[in-house]
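For my numbering, count along the sequence shown from 1 and bump the result up by 3.
The C-beta atom is built at its ideal place from N, Cα and C for all residues, glycine as well.
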Amino acid sequence: MRALSRRCRRALRSLGLRWKISVLLAVGCALVAVTIGVLIHEARGRQVADAARRSAIEQLVRVGQVYELTGKLDFDKVGEADARIDCPAVPPALRAAALEGLRTTYLDLTGPRPAVWAARPIGGSHVLTVRHPLAAEQAELAELDGLLIASGTGVVALAAGGGALLASRLSKDLRTAAETARRISAGDLDARIGPSGVPGTRNEVTELASAVDTMAASLQRRLEAEQRFTADVAHELRTPLTGLHTAAELLPAGRPTELVRDRVAVLRTLTEDLLEVARLDADQEEPRLEAHRLEALVTSITRRSGVAAVLDGVTCDAGGGGEGGAWVRTDVRRLERILTNLLVNAHRHGGGLVTVSVSGTSVTVRDRGPGFPATLLREGPRRFMSGAAERGQGTGLGLTIAFGQAQVIGAEVILTNPTPSGAAATVTLPAV
């Protein structure tokens, strides 16, 4: 029984909301219908039994009077009742009660011939009994049970159907809300649930839709303000940095001048990265997609990156020679930006040997450092957060730009920590 109960609970949990509501409504209505049916059946049964007992007592009185006056049983005046003296089929309990001087009845609903018995003592040691058949009453109760079952089944079916319609509407609204939330999470800040249900009505689903739409609008305003702030800061920094760069170039040669020029170069790079992030956030990037041999592109980009990386299993030279490698459709400038950022990130944070390998339409950049932090693998890159301290310092914009540019050209970037050590970034490009 417990195993069956557990299976039922598991089956109920596996159902959708619509079917759960329908099943619960049907079960609830079935319990109510069964309870009402049992009460009606019991009440009608008691009515039939009481009427049968009264009729049997009345017939017993008439039979007794006739017998006392005539000394014999007049069956014509008894009607349907079967009057006997010392009937061998009389129930023992009824015979014992009659011999004790009691006038009593006995209801026998077992067997194919249900009946009610009435008995009284007569002549000292004899028992006068009257047996009244209850076949008609039993047939009436069976017909009543059939009507109760039919009407109960109809009520349960209507409740299940109504519950399914109601739950279908509710489930549809909830699915719409969930889909809208997923679209917002994916970056579609204009997605809204909108009004649901009958206009002018207020319920929990309507309040949920309104709350999600309000949250999305607030989130959109904040993100747009952040994007505008990032773009404005980068634009405002560009002019003074240009002047600072020009002034630094006029300084006399020396160690202090080199330090100033190095810091100015870092600031200019950061400013350009911020502008690029702002353009990516605003969806203003338009790729120029063309067909290229992937191995030749990877070879050329790796050698221009300035990172001492080993090309693993790449047969093409930097000029595009060789027939190996798959054709991909990509924007060369954006792919170079992606791979260069990954190579610089691997060289700066990973340490040790950096390898670049090509497999089909995928490029993998791998280092031998401590690997990506768990937060980065779980949540993806976040600007101005470079991850764990053991992977060095940085702005966190390199991976952010790589992921953003990959989305523009229809590529996918996956970060992993392969065994036994190191970090790997795999870029998968769309094939021609």
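Return the Cβ separation of residue i and residue j in integer angstroms, given the expectation that the two are a contact with Cβ distance under 8 Å.
i, j, result
"Ser-365", "Val-430", "7 Å"
"Ala-170", "Ile-196", "No, Ala-170 and Ile-196 are not in contact; Cβ-Cβ is about 19 Å, not under 8 Å."
"Val-267", "Leu-247", "5 Å"
"Ala-86", "Val-64", "Wrong, their Cβ atoms sit about 11 Å apart, outside the cutoff."
"Gly-374", "Ala-426", "5 Å"
"Leu-28", "Ala-163", "6 Å"
"Ala-121", "Gln-62", "7 Å"
"Leu-150", "Arg-47", "That pair is no contact at about 11 Å."
"Gly-166", "Ser-25", "4 Å"
"Val-313", "Val-361", "Their Cβ separation, rounded to whole angstroms, is 13 Å, which puts Val-313 and Val-361 out of contact at 8 Å."
"Thr-419", "Val-359", "Contact flag wrong, Cβ pair sits at about 15 Å."
So, with DSSP's three-state summary, where would you put residue i?
i, result
"Gly-324", "No answer about Gly-324 holds up, because its pLDDT of 48 lies below 50 and its placement is not dependable."
"Asp-216", "helix"
"Arg-224", "helix"
"Ile-412", "coil"
"Ile-39", "helix"
"Ala-426", "coil"
"Thr-431", "strand"
"Arg-306", "helix"
"Ile-187", "helix"
"Gly-397", "For Gly-397, the predicted structure reports a pLDDT of 48, less than 50, and the residue's modelled location is therefore unreliable. The matter cannot be settled from this model."
"Glu-61", "helix"
"Ile-417", "strand"
"Arg-385", "strand"
"Thr-179", "helix"
"Glu-288", "coil"
"Gly-82", "Caution applies to Gly-82, whose pLDDT of 46 falls short of 50 and renders its modelled position unreliable; the value that the coordinates give is listed next. Here Gly-82 sits in coil by DSSP."
"Ile-196", "coil"
"Asp-334", "coil"
"Thr-504", "Here the chain covers residues 4 to 435 and nothing more, so residue 504 does not appear."
"Thr-364", "coil"
"Ala-251", "helix"
"Arg-371", "coil"
"Arg-116", "coil"
"Ala-101", "helix"
"Ala-294", "strand"
"Leu-380", "helix"
State the beta-bridge partners of residue i as determined by DSSP.
i, result
"Thr-107", "Ala-122"
"Trp-22", "DSSP, once it has assigned bridges, lists no residue as partnering Trp-22."
"Ala-312", "Val-357"
"Ala-92", "The partner list for Ala-92 (beta bridge, DSSP) is empty, contrary to what the question assumes."
"Arg-87", "Thr-132"
Considering Cα atoms alone, identify which of the options is closest to residue i.
i, options, result
"Arg-307", "Val-280, Arg-336, Asp-315", "Arg-336"
"Asp-334", "Leu-297, Thr-358, Gly-328", "Leu-297"
"Gly-372", "Gly-383, Gly-363, Leu-356", "Leu-356"
"Ile-341", "Gly-374, Thr-403, Gly-354, Glu-382", "Thr-403"
"His-225", "Thr-245, Thr-422, Leu-168, Leu-192", "Reading off the sequence, residue 225 comes out as Arg, not His. Minimum Cα distance to Arg-225 is reached at Leu-192."
"Val-301", "Val-37, Trp-330, Ala-29, Lys-175", "Trp-330"
"Thr-132", "Ala-99, Thr-358, Ala-163, Ile-152", "Ala-99"
"Asp-111", "Gly-149, Gly-328, His-135, Arg-123", "His-135"
"Glu-415", "Val-263, Ala-405, Ile-24", "Ala-405"
"Ala-228", "Gly-149, Thr-260, Gly-328, Ala-281", "Ala-281"
"Ile-60", "Tyr-109, Trp-22, Ala-189", "Tyr-109"
"Ser-188", "Ile-152, Gln-223, Glu-289, Lys-75", "Gln-223"
"Thr-113", "Leu-137, Leu-97, His-129, Glu-103", "Leu-137"
"His-352", "Ser-360, Gly-401, Asp-315", "Gly-401"
"Gly-354", "Ser-424, Gly-257, Pro-124, Val-263", "Ser-424"
"Pro-117", "Pro-290, Ala-181, Ala-214, Arg-56", "Arg-56"
Taking contact to mean at least 3 C-beta pairs separated by less than 8 Å, is the stretch 147 to 165 in contact with the stretch 31 to 42?
Flag = yes, the stretch 147 to 165 and the stretch 31 to 42 touch.
Would you be able to state if there are at least three C-beta pairs under 8 Å between the stretch 336 to 351 and the stretch 366 to 378?
yes
Validate contact between the stretch 376 to 384 and the stretch 408 to 415 using beta carbons, cut 8 Å, 3 pairs:
no
May I ask you to verify whether the stretch 92 to 108 touches the stretch 136 to 156, counting CB pairs closer than 8 Å and requiring at least 3?
no
Does the stretch 44 to 54 come close enough to the stretch 173 to 180 that 3 or more CB-CB pairs lie under 8 Å?
no
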